[in-house]
Every structure is written in C-alpha cells, then in structure tokens.
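Have a look at the structure below before the remarks.
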Amino acid sequence: MTYVNDRFLAARWGVTRTTPWDWARTKPDFPQPVKLSERCTRWKLADIEAWEKQAETA
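Residue numbers (the numbering used here): 1410 to 1467.
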C-alpha cells in the first residue's frame, strides 16, 4: 500500500500544503488521513485516486 503526504498532494493539485487538511476537515467525501505513528500522518494513494475518479464524474 502506498501512502502520500500533504506535499505530494499539494504538488499534484497545485494547491497549498494546508488545502488537503482543510478538505479532510470540511468535505465529507474527501479521504481521511491515516495516522501511521505519533508524528506521521498520510493519505492512502488508492483512496486519493478513487476520490479523484469520483470527482471527475460528479
């Protein structure tokens, strides 16, 4: 399983690093990050890709 961080998502979408965190908090359909350890929280790439695909058809 591949995990990605906020830097990866910001570069992918051309947004700031805080945007994915804001979306996780405010958009009910946006994938929630996974806490892998005390100081490491990431998103599952498969969840992000599924969300992107769903957003394209909406």
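We treat Cβ as the ideally placed atom computed from N, Cα and C, and that holds for glycine.
DSSP puts residue i in a beta bridge; with which residues?
i: Lys1453; result: Tyr1412
i: Val1443; result: Arg1451
Using a 10 Å radius around the Cβ and a threshold of 16 neighbouring Cβ atoms, would you call residue i buried or exposed?
i: Ala1437; result: Note on identity: in this sequence residue 1437 is Pro, with Ala being the wrong assignment. Label assigned to Pro1437: exposed.
i: Trp1452; result: buried
i: Asp1415; result: buried
i: Leu1418; result: buried
For a test of the three-state rule: what should DSSP assign to residue i, helix, strand or coil?
i: Pro1429; result: helix
i: Ala1419; result: helix
i: Ala1467; result: coil
i: Lys1462; result: helix
Give the C-beta separation of residue i and residue j to the nearest angstrom, bearing in mind that I take them to be a contact with Cβ-Cβ under 8 Å.
i: Leu1454; j: Val1413; result: 5 Å
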